[in-house]
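Residue numbers (my numbering), protein chains in the order written: chain C, 170 to 440; chain Y, 209 to 589.
The C-beta atom is built at its ideal place from N, Cα and C for all residues, glycine as well.
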């Protein structure tokens, strides 16, 4: 059996009725693959891994993998993850959200999870559009781009997930793309291991909704775009119009659950 | 013969909010997530002080009301007894996730200290305007248990009942109290641990490979596997099959939805709690709940002194509605008065089950003031 087949048998749910919901060319599967490979590489026990997902295409990722999985309400994944991690700090809680989830309806939860520095890994799959509802403009849609709700081009400036998470105080902030699968694996493992709140943004193409409306004729064009328009942060200079990838913030503050355990310890009656 | 010393119970002069917090801790609540809002804040403040001092206790002040609900449901999924408390505007914000908790059958207690509304309304005044919202607030057809308390000792008692019902039936339970009950100070007695019945959710009795998280069970309430104990279940707000995976097959959806209702409907007599006062020979009845029930009791006493045969039915469970008790009342009494601090939310229910047998009268007040005994007495005589 090839390594991939072994991983599939070990980590995907056999009793879930496939096929999955992702369209041809969607980058989400690559990110999910990276998640599975990372959990495998880190040898995390499956019983200890909790995937908390929001709503949308990315939200559907949870059901396929054989971990503890929670498919929550739109934008609220981080709030559930916070409750789960605080209630049982032994668990590895990984939160899977789309750009609509993390930056729009759940934007408040993202910045507060970062401020709180809860020991959760937030995976933001940014395809720059609302895919599942049929291609509406998201807070990550670049200015001027087309969508069903910006038929004349978006007028609004998009959020930069990395800048937002950095400014809000996340312990670990990184970005990769579904084209750079090896880099994604490496960053994913770092993000999962890092104490406190870590944010990993994965740029993933949405050929069906975003590509179709923005003159990407083929799926391959979208992956080539990711290849051409990204650059490692180490090589990136001010004024470069390409998107930097890599690690942007790497702090070593203890997570909220650790601080809470210390507080509880300090409140124990002294013998 | 061994002489057993009578154990002294701890007594407190406490607010309703304090009694709720005490009740929650007695019932085994170890997780609280909330957002400050008048007039429920004291519950949160007490939990902030107490929870870090108990083993594994977690208190979280979340960024908003929605996040509080999310965190509480998350904690409930890991096996914790979780609670959140709020008031009017916050209760509106929590509605979506109340539906989520119904759907995934997460035990949870939500306390709503009612204040004047709509909108910001009267933040420091009592009201009972959230009764129908507690029943129908979240979207979609769903069963729910709504409880109320009319005195400070009852706040403690009903909070324990709320946790027990939540655990027993795997459902969110809403406890409605009003600003007056929440802020009135009265003596409460803290029962010893062994004097209280405290229930916990049923855990799976089979190994993970045989476990079906949403299987048909004898009581209609499936066992619940906490996250992290080897069961690796899927939890989703989508309509799901017995394995917890999303489904839109009509037969599976129907099976799930009917079980959701049945698990509470079948235990109606366990869930519906009422207090009957002087009803044996009553010709005139008052139906009340919350702080109004207290005024009504006083009014009934005064009316009895004057020789009128008046009785009181206090609803401790608002939903499911106490149909048999109210129907009996409507058969027995010529007149039924429903005083409440809204424009008639429970009187609608009373009229619905009356079937024209009795004359239903309402006494409504929406000015942020309580309904006094003399007002009720005047309405009776």
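Check, Outcome
"Give the DSSP bridge partners of residue 394/Y, in chain order.", "222/Y"
"Do you know how far the Cα of residue 238/C is from the Cα of residue 313/C?", "37 Å"
"Does the beta carbon of residue 253/C sit closer than 8 Å to a beta carbon anywhere in chain Y?", "yes"
"Does the beta-carbon of residue 324/Y, which I'm using as the reference point, lie nearer than 7 Å to any heavy atom of the ligand NAD?", "The ligand NAD is not among the ligands present in this structure, which contains no ligands whatsoever."
"Relative to the C-alpha of residue 234/C, which candidate in 259/C, 242/C, 257/C and 198/C has its C-alpha closest?", "198/C"
"Taking the straight line between their C-alpha atoms, what separation do you get for residue 340/Y and residue 406/C?", "59 Å"
"So residue 249/C contacts chain Y; which residues on that side make the cut at Cβ distance below 8 Å?", "278, 279, 281, 282 and 285"
"Relative to the alpha-carbon of residue 303/Y, which residue among 277/Y, 321/Y, 491/Y and 313/Y has its alpha-carbon at the smallest distance?", "277/Y"
"Would residue 288/C and residue 408/C qualify as a contact pair, given that the criterion is a beta-carbon distance under 8 Å?", "no"
"Is residue 401/C helix, strand or coil by DSSP?", "strand"
"Report the CB separation of residue 386/Y from residue 334/Y in whole angstroms; it is logged as a contact under 8 Å.", "4 Å"
"Please identify the residue among 321/C, 252/C and 291/C whose C-alpha is closest to the C-alpha of residue 200/C.", "291/C"
"Taking the beta strand (DSSP E) that residue 252/Y belongs to, which residues open and close that run?", "Looking at the DSSP string, residue 252/Y is not in any beta strand (DSSP E); the run it does join, the alpha helix (DSSP H), is 249–258."
"Mind checking the region 248–264 of chain Y against chain C and listing, in chain order, the residues whose C-beta falls within less than 7 Å of any C-beta there?", "260 and 261"
"Just mark residue 262/Y as buried or exposed, buried being the case when its beta carbon has 16 or more other beta carbons within 10 Å.", "exposed"
"So, with DSSP's three-state summary, where would you put residue 231/Y?", "helix"
"I want to know whether the region 242–249 of chain C touches the region 263–282 of chain C - three or more CB-CB distances under 8 Å.", "yes"
"When you compare only the Cα positions, how much space is there between residue 308/Y and residue 445/Y?", "6 Å"
"Where DSSP assigns a beta bridge to residue 545/Y, which residues make up the other side?", "494/Y and 569/Y"
"Would you say residue 308/Y lies against chain C (beta-carbon separation less than 8 Å)?", "yes"
"To which residues of the same chain is residue 298/Y closer than 7 Å at the C-beta, ignoring the five residues directly before and after it?", "243, 245 and 273"
"Where residue 391/C and residue 385/C are concerned, what is the direct C-alpha to C-alpha distance, given to the nearest angstrom?", "6 Å"
"Thinking C-alpha only, which one of 477/Y, 589/Y and 486/Y is nearest residue 514/Y?", "589/Y"
"Taking 8 Å as the limit between beta carbons, can you name the residues of its chain near residue 432/C, skipping five residues before and five after?", "none"
"To the nearest angstrom, how far is the alpha carbon of residue 454/Y from that of residue 189/C?", "12 Å"
"Determine the contact status of residue 479/Y and residue 353/Y, defining contact as a CB-CB distance below 8 Å.", "yes"
"Which residues in the same chain as residue 494/Y place their Cβ atom closer than 8 Å to its Cβ, once the five residues preceding and following it in sequence are excluded?", "504, 507, 508, 518, 519, 520, 521, 544, 545, 546, 547, 584 and 588"
"Straight-line CA distance for residue 157/Y to residue 300/C?", "In this structure chain Y extends from 209 to 589, so residue 157/Y is not present and cannot be described."
"Starting from residue 235/C, find everything on chain Y with Cβ-Cβ shorter than 7 Å and list it in chain order.", "440"
"Threshold first: 3 residues or longer. Then list the beta strand (DSSP E) segments lying entirely within the region 192–230 of chain C, N to C.", "218–222"
"Can you give me the Cβ contacts of residue 399/C inside the same chain, cut-off strictly under 7 Å, excluding the 5 residues immediately before and after it?", "346, 411, 412 and 414"
"How would you write the range of the beta strand (DSSP E) that residue 331/Y sits in, first residue to last?", "330–334"
"Take every Cβ of the region 358–375 of chain Y, pair it with every Cβ of the region 315–327 of chain Y, and state whether three or more of those distances are shorter than 8 Å.", "yes"
"Where residue 227/Y and residue 293/Y are concerned, what is the direct C-alpha to C-alpha distance, given to the nearest angstrom?", "13 Å"
"When you compare each of 523/Y, 283/Y, 586/Y and 376/Y to residue 557/Y by their alpha carbons, which one comes out closest?", "523/Y"
"Give the secondary structure of residue 419/C by DSSP, where H, G and I count as helix, E and B as strand, and everything else as coil.", "strand"
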